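S.K.: Below: one structure in C-alpha cells.
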DNA sequence: CAATAACGAGAGCACTGCTCTTGCTTTGGA
DNA sequence: TCCAAAGCAAGAGCAGTGCTCTCGTTATTG
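Shown next as C-alpha cells:
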C-alpha cells in the first residue's frame, strides 16, 4: 500500500528532524564549534555512521541549521510586522521589525552567530540559503514600500557614482521604490545587524549598558535614514564642497 | 655575559613569534576552524607537546591572534588618519578611517572574522582584548573631537530614555563631546562594522556589486549621522535624483 | 516472490587537543 | 666551581572527532 510506501519516507523525515533538533540543542548549548556529529548520534541512540545516511557531512548538517535559522529570524520579523495595528505609523513598523530581529538574536545567540557571524562552512554560502536569508530584508522593504505609497519618502539624492548601481539593485529587490531609498535600505539593513552583532558579540561590553534604550534610539535613527521620518538631521549629503559656515 | 641571561628569554620570544606567525599563516589560508596546533608545530619542526610551553591551549593562541588583529586594524585606522592632510575636511577624515577598516578587512578576511565574527573561544572576550579592541573607536572619536573643536557638531537631541546612559558613556569614552554626539558615534561605530561584515561574509552577494562606491556612500551617511556634515547641508545637488520622493 | 535499494551497526583510518613522563640543557645561587 | 632548580623538547598515550567501508538486515518495488 501507499502507506507502507510512505512509511520509509515518514520515518526518514522524522529521523532527519530529530537529528536537526538534537543538533540545534547542542548548538544552543555549546556553540557551532562544539557541535559534534558523534555526540548527536550518541544522544539519539544511533551509531555515528548511521547519521551519514541523512546528512552527507557535518557541513551539510550545519547548512540545514543555517537555513532554518534564516527562516526563524525572518519569520520573527514578518510576525512582528503582521502584528502591528492596521494603521500603525511607519516608523513604528520599522522599529518593530528591528526589535524582532534583536529579540530573536538575544534569544538564540548561537544560531544568530551561525548565520551572521563568521561563515563557518566554505567561503560562500550555499545557494539554498539565499532565499531564507532575504526575509528580514524583504520585511524592511515592505515597511518602506507602505510608507512610500502612503506619504512618500524623503531621502537625499545619491552621488553620481552610485546612480547606476542603485538603479540595478532597485530592479532586483524593489522596482517600485526610488533608487535612493533602496540604497538607504540596503545600508540600514546591514547596519541593523551591525548593532545587533556588536551587542551580542560583546563589543558593547563595558560601554553600552542600557541596551534596550540604545537600540531603540539607533533603530529610530535608521528609520530616519531610509526616509520614514521626515525632516532633517539624518541622511546622506551630496558629496559637494563645503562652503557653509564651517571654514577649516 | 649578560646576553646569556637574556638568551632564554630571547629564544622564547622568537619561538613565540614564530608560532604566532605560522598560526597566522594557517589562519589566513584556511580559517580559524581549521587552525591546528599540531599542524603549526609540525610546520615549525617541533613536536606538538612542545608548543604547549608557549601557549597553554589552542584558545590562548587564538586569543593572542585576536589581540594582534585588533591592533592591526586599529593601527590601520590610525595610520589612515595620520596620513590625512593637515587641513583635510572632517568628513574626509571620517571616511578615510572607515575606508581603512574596510580595506584591512578585505585584505585579512579570516583575521577580521576572528575578531568581528562569532567569538570562537568562550562567550566573553578576555580582558586583554579590550584595549586593542577600542583603537578603531578611538580613531572615530578623535575625528569627531576635531570637528567639534572646529565648527561644532549638529546632532539631534536624544530621547529622554537615553540621556542618562549617553551621559555615562560620554564620561567613559569622550568627556569633551556632547552626549548626543557620543551616542551617534557608538551607533555609527557598530554600523560601520555591519557594513564591512555584510560585505565580507557574503550577505551582499548577488545584491551589491559596486562595493567601493556603495561603501563610500554609506560611510558618508554615517559621517552625517554623527554631525560631521552640516544638518542643513544643501550644496548643489549632484545629478538628477530620479524619483526620490519629496515630502509631498 | 525475487531483485533492489535503504538502512543500522561495527571496525577502522587519520586527525585533533591535551597530559604525562623522560631525559637534556641552561640558569642561578652556594 | 659545582649542583640543584628550572626550562625545554620529545615521545607515548588518551579521549575525542569527521568520515569511509563493509556486512548483515529490513523494507520497497518490479
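Chains as they are written, first to last, in the UniProt record's numbering: chain A, 1 to 248; chain E, 1 to 248.
Beta carbons: idealized from backbone N, C-alpha and C, even for Gly.
Note that the structure is a prediction, hence the values are computed from the model and not measured.
1. Are residue 90 of chain E and residue 147 of chain E touching if we call contact CB-CB under 8 Å?
2. When the Cβ atoms of the segment 218-229 of chain E are set against those of the segment 183-200 of chain E, are three or more pairs found closer than 8 Å?
3. Assign residue 116 of chain A to one of three DSSP states: helix, strand, or coil.
4. Do you know how far the Cα of residue 130 of chain E is from the Cα of residue 62 of chain E?
5. Taking buried to mean at least 16 other C-beta atoms within 10 Å of its own C-beta, is residue 47 of chain A buried or exposed?
6. What's the gap between the Cα of residue 195 of chain A and the Cα of residue 42 of chain A?
7. Nearest-angstrom Cα distance between residue 26 of chain A and residue 39 of chain A?
8. Between the UniProt DNA-binding region "H-T-H motif" (36-55) of chain E and chain A, which residues of the former have CB atoms less than 8 Å from a CB of the latter, in chain order?
9. Report yes if the C-beta of residue 228 of chain E is less than 7 Å from at least one heavy atom of the ligand ATP; otherwise report no.
10. Classify residue 29 of chain E: buried if its beta carbon has 16 or more other beta carbons within 10 angstroms, exposed otherwise.
11. Quick check on residue 99 of chain E: does DSSP put it in helix, strand or coil?
12. Looking at residue 100 of chain A: is its Cβ nearer than 8 Å to the Cβ of residue 82 of chain A?
13. Give the DSSP-derived three-state secondary structure of residue 176 of chain A in the structure shown.
14. Between which two residues does the alpha helix (DSSP H) holding residue 48 of chain E run?
15. Rounded to whole angstroms, how far is the Cβ of residue 110 of chain A from the Cβ of residue 31 of chain A, which I believe are closer than 8 Å?
16. Taking only beta-carbon positions, decide if residue 213 of chain E is within less than 8 Å of chain A.
17. Helix, strand or coil for residue 217 of chain E, going by three-state DSSP, please let me know.
18. Use the C-beta contact count for residue 6 of chain A: other C-beta atoms within 10 angstroms, 16 or more gives buried, fewer gives exposed.
19. Classify residue 137 of chain A: buried if its beta carbon has 16 or more other beta carbons within 10 angstroms, exposed otherwise.
20. Would you grab the beta carbon distance between residue 119 of chain E and residue 202 of chain A for me? Rounded to a whole angstrom, and I think it's under 8 Å.
21. Let me know if residue 52 of chain A comes out buried or exposed under the rule of 16 or more other beta-carbons within 10 Å of its beta-carbon.
22. Take residue 112 of chain A and list the residues in its own chain whose beta-carbon comes closer than 7 Å to its own, dropping the five residues that flank it on each side.
23. Does the beta-carbon of residue 160 of chain E have 16 or more other beta-carbons within 10 angstroms, so that it is buried, or is it exposed?
24. Is the CB of residue 91 of chain A under 8 Å away from at least one CB in chain E?
25. Going by DSSP, what residue range makes up the alpha helix (DSSP H) through residue 154 of chain E?
26. Just the C-alpha distance for residue 50 of chain E and residue 158 of chain E, rounded to the nearest angstrom, thanks.
27. From residue 16 of chain A to residue 45 of chain A, what distance separates their C-alpha atoms?
28. Quick one: Cα of residue 21 of chain A to Cα of residue 192 of chain A, how far?
29. So, is the C-beta of residue 57 of chain E closer than 8 Å to a C-beta in chain A?
30. For residue 111 of chain A and chain E, any beta-carbon pair shorter than 8 Å?
31. In whole angstroms, give me the CA-to-CA distance for residue 253 of chain E and residue 128 of chain E.
M.R.: According to the data block:
1. yes
2. yes
3. helix
4. 15 Å
5. exposed
6. Approximately 38 Å, taken between the alpha carbons.
7. The alpha-carbon atoms of residue 26 of chain A and residue 39 of chain A are separated by roughly 9 Å.
8. Residues are counted here when their Cβ sits less than 8 Å from a Cβ of chain A; for the UniProt DNA-binding region "H-T-H motif" (36-55) of chain E the count is zero.
9. The ligand ATP is absent from the structure shown, which contains no ligand whatsoever.
10. exposed
11. helix
12. no
13. coil
14. 48-51
15. 5 Å
16. yes
17. helix
18. exposed
19. buried
20. 6 Å
21. exposed
22. 105, 200
23. In this structure residue 160 of chain E is exposed. Its beta-carbon is surrounded by fewer than 16 other beta-carbon atoms within 10 angstroms.
24. no
25. Looking at the DSSP string, residue 154 of chain E is not in any alpha helix (DSSP H), and its letter there is neither H nor E.
26. Roughly 56 Å between the two C-alpha positions.
27. Their backbone Cα atoms lie some 14 Å apart in a straight line.
28. 29 Å
29. Nearest CB-CB separation between residue 57 of chain E and chain A: not below the 8 Å threshold.
30. no
31. Residue 253 of chain E lies beyond the range of chain E shown here (1 to 248); nothing can be said about it.
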